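full-length UniProt numbering puts the first residue of the sequence shown at 1, with every later residue one more than the last.
Okay, structure first, notes after.
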Amino acid sequence: MTTVNAANAGTYAFDDTFKVNRLGYGTMQLTGPGTWGPYKDPENGIKVIKKALDYGVDFFDTADSYGPWFADRYLAAGLKGAANRDKIFISDKVGQTRQGPNVWTPHGEPNYLRQQVEVSMMTLGLDHEDLVFLHRIDSHFSIADQVGELKKLQDEGKIKHIGLSQVTVDQIKEAQKVAKIDAVENLYNVADHRDDDVLDYAESQHMAFLPWFPLATGKLAQPGSPLSTMAQKYQVSPAQIALAWLLKRSKNVLPIPGTSSVEHLADNVAAANVVLSDADFNELSQLSTK
1 MTTVNAANAG
11 TYAFDDTFKV
21 NRLGYGTMQL
31 TGPGTWGPYK
41 DPENGIKVIK
51 KALDYGVDFF
61 DTADSYGPWF
71 ADRYLAAGLK
81 GAANRDKIFI
91 SDKVGQTRQG
101 PNVWTPHGEP
111 NYLRQQVEVS
121 MMTLGLDHED
131 LVFLHRIDSH
141 FSIADQVGEL
151 KKLQDEGKIK
161 HIGLSQVTVD
171 QIKEAQKVAK
181 IDAVENLYNV
191 ADHRDDDVLD
201 YAESQHMAFL
211 PWFPLATGKL
221 AQPGSPLSTM
231 AQKYQVSPAQ
241 IALAWLLKRS
251 KNVLPIPGTS
261 SVEHLADNVA
271 AANVVLSDAD
281 FNELSQLSTK
C-alpha cells in the first residue's frame with residue numbers, strides 16, 4: 001500500500017537552509033462562512049493541522065485576513081509542540097482588510113503592512129516570518145512603497161522572503177526593482193490557467209508559484225467529465241488528478257489545497273503519488289478556460 005506522505009511530491013528549496021515538500025496546506029477553510037468569523041469546530045480545525053503534519057506537510061499557507069485572525073490561531077495551536085517545528089515553513093499574507101463575509105478591501109499603507117506583520121508574528125508565536133505575500137497591490141499606494149516596507153522588515157530580520165499575490169508579470173518586474181521576490185501566489189488550476197505567463201516568469205526567476213483555488217475543478221469533475229474520466233483511469237479522485245496536474249506543470253509549483261476534513265486531507269496528500277503521463281497531462285491542459 002502506497003503511503004500518504006507529502007514528501008512523495010518532491011521538494012522545493014526556498015533558500016540554502018529551508019527545503020519543503022511541494023504539496024502544502026492552506027488554512028482558508030478554517031473560518032466561518034465567507035471566510036469570516038471563527039470556524040464552527042475549532043478543535044477539528046486544530047486536528048486537521050496536526051494530521052497534516054503526520055502526513056508530512058511542512059509548508060502551510062495562511063493570511064491575517066482569514067477570519068480575520070481565526071485561521072492563524074488554529075494554525076498556531078495545531079503546530080504548537082510539533083517535534084519538527086523548526087522545519088515547518090509558513091507563508092503569510094498582509095494587505096487585505098475585511099468588512100464582513102466575502103468582503104475584501106486591499107490596504108497597502110506601509111504602516112498598516114508593518115502592523116499586520118507584527119501582529120501576525122504575535123498570533124503565530126514567531127520571531128520572524130518565513131514568507132510574507134503582499135496579498136493584493138493597493139492602487140492608492142505605489143508598489144515601491146508597499147514592497148519597500150516589506151523590504152525594510154526583511155532588513156530588520158522580521159521577514160525572510162517576500163512574495164506577491166494576484167499579480168501580472170509587469171507588476172512582478174516593478175517589485176523586483178525594490179526587493180528580491182521569492183514567490184508568487186495567483187489563481188491557477190487545471191480549469192483556469194490564464195496566468196501561464198506569470199508561472200513561466202516565476203520559474204525563470206527561481207520563484208515559488210503557489211496556485212490558490214487549486215481544486216476549482218467545477219464542472220470538469222462532474223460524472224462523465226474529462227477530469228472524472230481521467231480519475232477513473234488512474235483509480236483516484238478528480239481532486240488528486242487536479243493536484244497531480246499542478247505538480248507536473250512545473251517544479252516551482254507548490255499546491256496548497258485547504259480542507260476542514262481529515263478524510264479530504266488524506267485524499268489531497270495522496271495526490272503526491274499520482275504521476276500523470278505526458279499525454280494525459282497535455283490532454284488536461286486543453287481544458288483551461290484560458
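Idealized CB from N, CA, C, for every residue including glycine.
Computed from a prediction, not measured in an experiment: that's the story for all the values here.
Using 10 angstroms around the beta-carbon of residue i, count the other beta-carbons present and answer buried if the total reaches 16, otherwise exposed.
| i | result |
| --- | --- |
| K158 | buried |
| D138 | buried |
| P33 | exposed |
| G81 | exposed |
| M1 | Interpretation of M1 is limited by its pLDDT of 47, a score under 50 that renders its predicted location unreliable; the figure taken from the coordinates is listed afterwards. By the 10 Å Cβ count, M1 comes out exposed. |
| P223 | exposed |
| A13 | exposed |
| S204 | exposed |
| Q240 | buried |
| G125 | exposed |
| Q115 | exposed |
| A175 | buried |
| H193 | buried |
| A63 | buried |
| V103 | exposed |
| D92 | buried |
| M122 | exposed |
| E156 | exposed |
| P211 | buried |
| residue 296 | What is shown of the chain runs 1 to 290, which leaves residue 296 out entirely. |
| A191 | buried |
| S120 | buried |
| A83 | exposed |
I need the straight-line Cα distance from residue i to residue j, nearest angstrom please.
| i | j | result |
| --- | --- | --- |
| A77 | Q99 | 26 Å |
| N21 | G56 | 8 Å |
| K47 | L75 | 10 Å |
| Y112 | G95 | 8 Å |
| N8 | A272 | 5 Å |
| T105 | P42 | 26 Å |
| V253 | E118 | 28 Å |
| D15 | D130 | 11 Å |
| R136 | Q166 | 6 Å |
| K87 | D58 | 7 Å |
| A144 | V178 | 6 Å |
| E283 | W245 | 10 Å |
| K152 | Q232 | 51 Å |
| T3 | A270 | 8 Å |
| W36 | T97 | 12 Å |
| G10 | F60 | 16 Å |
| Y39 | L150 | 30 Å |
| L187 | D195 | 8 Å |
| M28 | L134 | 16 Å |
| G218 | N189 | 11 Å |
| D182 | Q154 | 12 Å |
| H107 | Y25 | 26 Å |
| residue 300 | S228 | Shown here, the chain extends from 1 to 290; a query on residue 300 therefore has no answer. |
Between residue i and residue j, how many whole angstroms is the CB-CB distance? I'm expecting something under 8 Å.
| i | j | result |
| --- | --- | --- |
| L164 | V184 | 6 Å |
| F18 | F89 | 6 Å |
| L287 | L220 | 6 Å |
| F213 | L199 | About 14 Å; that fails the 8 Å criterion. |
| L243 | P257 | 6 Å |
| D280 | M230 | 6 Å |
| Y201 | V236 | About 31 Å; that fails the 8 Å criterion. |
| L79 | R73 | The pair is not a contact, with the Cβ atoms about 11 Å apart (cut-off 8 Å). |
| P238 | L247 | 15 Å between Cβ atoms; not a contact. |
| K51 | L265 | 6 Å |
In this structure, what does DSSP give as the bridge partners for residue i?
| i | result |
| --- | --- |
| H161 | L131 |
| A183 | G163, A208 |
| Q96 | P106 |
| K19 | A13 |
| V253 | F209 |
| W36 | G67 |
| I90 | F60 |
| Y25 | F60 |
Cβ contact check for the stretch 260 to 267 and the stretch 62 to 69: 3 or more pairs under 8 Å: no
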